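Numbering (the working numbering), first residue to last: 5 to 258.
The C-beta atom is built at its ideal place from N, Cα and C for all residues, glycine as well.
It should be emphasised that the depicted structure is a prediction, and the values quoted were computed from it without experimental measurement.
First up is the structure itself, then whatever we jot down about it.
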């Protein structure tokens, strides 16, 4: 397992460098060009995980995703979903930290792809800026992907939902599609190890626009957390069958 993890990490970053260089022509092409390159990068990562680490993926409930402009609120446990969700949505626009835009190559492509950067240091103004960017993207029929907790949290960690997703839901008037997953079991945060098994992403029932903020918050968090707990339990059973013990970066489940 350690050898497979090492091989994967070398190939993953080598693939990333190659793709970053190969994508340079997209900076002068229409925006969709870089989206397609990023989607191809995601597919190659999934291929590497399958053939090197024996990690499969199961996308459930994709038929529930409405067409067109959406707000997508996803659980965030791993780096895995930062690229894998590119394969699920037609024209995604991620909400990301402004600092990432200043990273050479990555930041150039994120800007070209129309990702929405947020300067968290601006306080309330950050919400205003985020809403302006989201409305512009939604007007083009795009899907806004936001991680409501703002950062990766290990499977079983106490949830910590932030106000940003609630603000976007209230201000944009589009459906919100919640996503639950268990990626952190197989690609743990702060660990180079990759564990064999099946990453499951489950699309939950869309939340129609128009709910008050409190009702939306409760519906979103309860739905994602209940589904995620179920998927984590499913993944833990699979890990146990494979003889894998819980990674030190994974807290015990609540």
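Nearest-angstrom Cα separation, counted from residue j out to residue i
i: residue 146; j: residue 72; result: 6 Å
i: residue 90; j: residue 43; result: 6 Å
i: residue 197; j: residue 5; result: 8 Å
i: residue 76; j: residue 150; result: 6 Å
i: residue 134; j: residue 87; result: 21 Å
i: residue 8; j: residue 38; result: 30 Å
i: residue 18; j: residue 25; result: 11 Å
i: residue 31; j: residue 246; result: 44 Å
i: residue 27; j: residue 80; result: 27 Å
i: residue 181; j: residue 69; result: 7 Å
i: residue 14; j: residue 61; result: 21 Å
i: residue 16; j: residue 237; result: 28 Å
i: residue 201; j: residue 58; result: 7 Å
i: residue 142; j: residue 74; result: 7 Å
i: residue 212; j: residue 225; result: 15 Å
Start-to-end residues for the alpha helix (DSSP H) that takes in residue i
i: residue 87; result: 84–88
i: residue 229; result: 217–245
i: residue 41; result: 35–52
i: residue 176; result: 168–176
Backbone secondary structure at residue i - three-state DSSP
i: residue 128; result: helix
i: residue 64; result: strand
i: residue 136; result: helix
i: residue 107; result: coil
i: residue 73; result: coil
i: residue 203; result: strand
i: residue 56; result: helix
i: residue 116; result: helix
i: residue 141; result: helix
Nearest to residue i (by Cα), restricted to the options the options
i: residue 12; options: 19, 30, 121, 56; result: 56
i: residue 193; options: 82, 15, 209; result: 82
i: residue 210; options: 223, 61, 30; result: 223
i: residue 35; options: 87, 26, 95, 70; result: 95
i: residue 84; options: 67, 64, 47; result: 47
i: residue 110; options: 216, 21, 200; result: 21
i: residue 102; options: 70, 126, 79; result: 126
i: residue 120; options: 226, 202, 148; result: 148
i: residue 97; options: 106, 107, 116; result: 116
i: residue 186; options: 175, 207, 214; result: 207
i: residue 158; options: 191, 216, 212; result: 191
i: residue 99; options: 136, 66, 65; result: 136
i: residue 216; options: 199, 175, 195, 244; result: 175
i: residue 228; options: 118, 162, 105; result: 162
i: residue 155; options: 124, 142, 249; result: 124
i: residue 232; options: 50, 104, 173, 160; result: 160
i: residue 199; options: 40, 53, 49; result: 53
i: residue 173; options: 219, 164, 195, 203; result: 219
i: residue 128; options: 118, 41, 168; result: 168
i: residue 2; options: 195, 203, 144; result: This structure gives no information on residue 2, because the portion of the chain shown stretches from 5 to 258.
N-terminal and C-terminal residue of the beta strand (DSSP E) that residue i is part of
i: residue 9; result: Where residue 9 is concerned, there is no enclosing beta strand (DSSP E), although the alpha helix (DSSP H) it sits in stretches over 6–26.
i: residue 30; result: It is not in any beta strand (DSSP E) - residue 30 carries neither H nor E in the DSSP assignment.
i: residue 181; result: 180–185
i: residue 208; result: Looking at the DSSP string, residue 208 is not in any beta strand (DSSP E), and its letter there is neither H nor E.
i: residue 101; result: 96–101
i: residue 147; result: 147–150
Distance between beta carbons of residue j and residue i, contact taken as under 8 Å
i: residue 152; j: residue 166; result: 6 Å
i: residue 189; j: residue 240; result: 7 Å
i: residue 221; j: residue 170; result: 5 Å
i: residue 205; j: residue 63; result: 5 Å
i: residue 130; j: residue 122; result: 5 Å
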